[in-house]
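Letter 130 of the sequence shown, counting from 1, is numbered 131 in our numbering, and no numbers are missing. Glycine included, C-beta positions come from ideal geometry on N, C-alpha and C. The structure appears below as structure tokens.
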Amino acid sequence: MPMTRDFFATTPKGLEPLLVRELDGLGAESVKEARAGVEFRGTLETAYRACLWSRLANRILMPLDRFAAATPEVLYDGVQRTDWSRHFGPDATLAVDFSSRRSAITHTLFGAQKVKDAIADQFLEHCGRRPSVRLERPDIRVKVHLDADQAVISLDLSGDSLHRRGYRTEAGPAPLKENLAAAVLIRAGWPDMAARGGSLIDPMCGSGTLLIEGALLAADIAPGSLREYFGFLAWKGHDLELWRKLLIEARERGAAGLARLPPILGYDRDRSAIHLALNNIDRAGLRGRIHVERKAAADARPKGAVGLVVVNPPYGERLGDIESLIPVYHEFGEALKQHFQGWKAALLTGNFELAFQIGIRAGHYYTLYNGALECRLFLFDIAPERFFIPRSGAPETEGQKKLRQIMQQAGRGAVPAEQAEMFANRLRKNLRNLGTWARKSGVSCYRLYDADLPEFAVAVDIYQGEKLWVHVQEYEAPASVDPAKAQSRLAGAVAMIPEVLQVPREQIFLKVRRRQKGDAQYFKQDQTAHFHMVEEGGWRFWVNFEDYLDTGLFLDHRITRGLIQQAARDRHFLNLFAYTGTATVYAAGGGAASTTTVDMSRTYLDWAGRNLALNGFGERHHLRIQANCLDWLDQAVNRGRRYGLIFLDPPTFSNSKRMAGSFDIQRDQGSLLKKVISLLEPGGMLIFSTNCRRFKLDETELAGCAMEDISRLTLPKDFERNPKIHACWRILAPSRQR
2 MPMTRDFFAT TPKGLEPLLV RELDGLGAES VKEARAGVEF RGTLETAYRA CLWSRLANRI
62 LMPLDRFAAA TPEVLYDGVQ RTDWSRHFGP DATLAVDFSS RRSAITHTLF GAQKVKDAIA
122 DQFLEHCGRR PSVRLERPDI RVKVHLDADQ AVISLDLSGD SLHRRGYRTE AGPAPLKENL
182 AAAVLIRAGW PDMAARGGSL IDPMCGSGTL LIEGALLAAD IAPGSLREYF GFLAWKGHDL
242 ELWRKLLIEA RERGAAGLAR LPPILGYDRD RSAIHLALNN IDRAGLRGRI HVERKAAADA
302 RPKGAVGLVV VNPPYGERLG DIESLIPVYH EFGEALKQHF QGWKAALLTG NFELAFQIGI
362 RAGHYYTLYN GALECRLFLF DIAPERFFIP RSGAPETEGQ KKLRQIMQQA GRGAVPAEQA
422 EMFANRLRKN LRNLGTWARK SGVSCYRLYD ADLPEFAVAV DIYQGEKLWV HVQEYEAPAS
482 VDPAKAQSRL AGAVAMIPEV LQVPREQIFL KVRRRQKGDA QYFKQDQTAH FHMVEEGGWR
542 FWVNFEDYLD TGLFLDHRIT RGLIQQAARD RHFLNLFAYT GTATVYAAGG GAASTTTVDM
602 SRTYLDWAGR NLALNGFGER HHLRIQANCL DWLDQAVNRG RRYGLIFLDP PTFSNSKRMA
662 GSFDIQRDQG SLLKKVISLL EPGGMLIFST NCRRFKLDET ELAGCAMEDI SRLTLPKDFE
722 RNPKIHACWR ILAPSRQR
């Protein structure tokens, strides 16, 4: 009897329940839904079938070993426990994918390098040579996932994401991933409808992905049969005869299915989209099986008595286009009402507001993700009792009102089109570069644009949570700049963001950064109390885009927080001027013996408490203190308190009414550092950071301490254009206090 073993199928967020059903149908055993994937058990044939037939998975992983890996050295040793010569030889090419969550090793590229070194060194020791690295289409791809310092090392049998079927070598704007398209059709009930002879129509077909996936489903064609490359083909355990048998079976099933393929039609008003769709249909081997032509969505008509209309419409195109798309959606909805009664419809959109312009009440909806973008799939029965006249939504907040006014200004041509396009091009360039870096590095919140062009003095930050949010900050223009011109440039910049990033307007937030005075940072900008959850470094945090000047998560301190986590184990940690306690969460996650979080603001301390609770840290070993940090330091020094790790990130200047006098970091650094260092245990560490651009460190109070300027080390890639965003030092107290 063939041996069974464990496997893991990864999938986009939201598709896990569908993948469970699919793997059950492919003969997998012990199928269990997991985070961003599905665990299952089966034979090698089961895994091959998953690679060949899964329409929903991204990768099929075969775990080889599991072990604790809290340090790079332990990770290296753990990887070497596997006899890699059983899987491939030194002449093979290798790629390593590394991901980390809630673990001490947070740098994914460093982790991947350590794994690669362990494998290569083993071959060098036993064979005298090592495999070469090839990132694209390697012979062998190894995947290592670290969660809570527990490593799982696997062979990637798929080699490349299974959503890449092989028929789409080019795509239009905002392409729909193939496995997401399949999920849309499965959720909409297309397989059963096709079996009964129903038709499929996509009236905004773009490059034809929904049409092709619909044909593959209806004709029982294995999506993997179009691929030439899999990760197991060069694996020493590969069973060539078994794979050939499965391919022959798949081709026979596909040939039989094509004979009963129902009508599948696509329309698009864009001539170039039709050209792309025809090319993709041809590469999928479906020439003559799918009909596409140039036609507006409102002019689509049914083919047959029953069927499914499936559509992934645009979410917003050029300046002010959210408003211009409303009549497009409305006209499409009218066409459905007049001509498609008795049919079903499925609409996938990232703009929920526009979806209601269809004027048909959805029977069901599902949250799905197209890459990082949250989308919603609405399913409709096109029947008169479901029709309604669309009405406007909830009242706008002040921030939304300002954003709408700016968008309207841009729509009236307040900024020259060529200038707006210049900004859009820079955004696209940054998105290609930084977006790729962020995905590879596991970074979900980052700065996309930071006044790269002098005409557009804004910062654009991406926050990925259950939705993709965009936080835009306008730098206050100098008095020499005409306010009207500054406003028009802002309008042009903000209005291009929905087009480039494909996000609805309600997920874009705008603020103006002005020089802070006193305790202005504590003042509310709005009263929405809308908090959203995001993830960084495997930890979760609450952010707020509307009510305060800052969101609650300083993105430029991403690396600094990681250093705190690495240094925190078994140490008592102190976070001064703690803001929302994000550094405290990292310290707690790094195994700190205790944490103390001090800030003047009750609002921020409560926020810090929510962040700790969100990550499972209770109050027992995590103290939060509301106090003026300068006064609290005096008390702590007098009481002889000691900490093994301290994070100090004070404001540049403050003259808050809650303070006896003013505070200036350049002027007052000496007394501040003296007090903080006196709280360090022998050999303890202080990480001191400031965003004062003209700050000069006075080393007078640092005598006997080991000091290292780590400003460059803690500068994230997304802030490289602005190297003065902060200055940072690592300061070690003497092993024996004077």
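- Per DSSP, the beta bridge partners of F379 are L348 and Y366.
- Contact between the region 105-124 and the region 24-40 is absent: fewer than 3 CB-CB pairs across the two stretches fall below 8 Å.
- For F457, no alpha helix (DSSP H) encloses it, and the DSSP letter there is neither H nor E.
- D78 and A70 have their C-alpha atoms spaced approximately 9 Å apart.
- For T561, the uninterrupted alpha helix (DSSP H) segment begins and ends at R559 to A568.
- Two segments are said to touch when three or more pairs of C-beta atoms, one from each, lie closer than 8 Å; by this definition the region 234-253 touches the region 43-57.
- When the Cα atoms are used, E74 and V80 turn out to be separated by approximately 10 Å.
- Inclusion of T47 and L20 in the CB contact set at 8 Å is not warranted, their separation being larger than that value.
- Secondary structure in the region 667-692: no alpha helix (DSSP H) run of 4 residues or longer lies completely within the stretch.
- M4 counts as exposed, since fewer than 16 other C-beta atoms from the protein chains shown sit within 10 angstroms of its C-beta.
- The beta carbons of F124 and R135 sit no closer together than 8 Å.
- Taking the C-beta atoms as reference points, P391 is found no nearer than 8 Å to G351.
- According to DSSP, N371 shares a beta bridge with L374.
- Non-local C-beta neighbours of P717 in its own chain, meaning closer than 6 Å and more than five positions away in sequence, comprise R559 and I560, ordered along the chain.
- Taking C-beta atoms as the reference points, L733 and V677 fail to come closer than 8 Å.
- In this structure K237 is exposed. Its beta-carbon is surrounded by fewer than 16 other beta-carbon atoms within 10 angstroms.
- Listed in chain order, the non-local C-beta contacts of S226 below 7 Å within the same chain comprise L53, L248, A251, R252 and G255, local neighbours out to five positions each way being set aside.
- In this chain, A728 is not harboured by any alpha helix (DSSP H); it is covered by the beta strand (DSSP E) spanning A728 to L733.
- Counting along the chain, no alpha helix (DSSP H) covers Y580, and no H or E run does either.
- For D632, the enclosing alpha helix (DSSP H) begins and ends at C630 to N639.
- Boundaries of the beta strand (DSSP E) around W543: W540 to V544.
- In the structure shown, the three-state DSSP call for Q151 is strand.
- Contact between I647 and N692 is absent: CB atoms are separated by about 18 Å, not below the 8 Å threshold.
- The C-beta of S101 has 16 or more other C-beta atoms within 10 Å across all chains shown, which makes the residue buried.
- Closest option to F8, judged by alpha-carbon separation, among L45, L201 and G15: L45.
- The bridge partners DSSP lists for E40 are F9 and K33.
- Per DSSP, E17 lies in no beta strand (DSSP E) segment; the continuous alpha helix (DSSP H) that holds it begins and ends at E17 to G26.
- Cβ-Cβ separation between P683 and C706: approximately 11 Å, too far for a contact (criterion under 8 Å).
- With a 10 Å radius around the Cβ and a threshold of 16 neighbouring Cβ atoms, F233 comes out buried.
- G308 is bridged by DSSP to S200.
- Here the alpha carbons of R541 and G685 stand approximately 28 Å from one another.
- Boundaries of the alpha helix (DSSP H) harbouring D78: P73 to V80, taken from the DSSP string.
- T83 is positioned such that its CB atom lies no closer than 8 Å to that of D98.
- Note on I61: 16 or more other CB atoms within 10 angstroms of its CB, so buried under the neighbour-count rule.
- Under the DSSP assignment, V185 falls outside any beta strand (DSSP E), being part of the alpha helix (DSSP H) whose first and last residues are E179 to R188.
- Sorting A260, R295, H127 and L181 by C-alpha distance to the C-alpha of A220 places A260 at the top.
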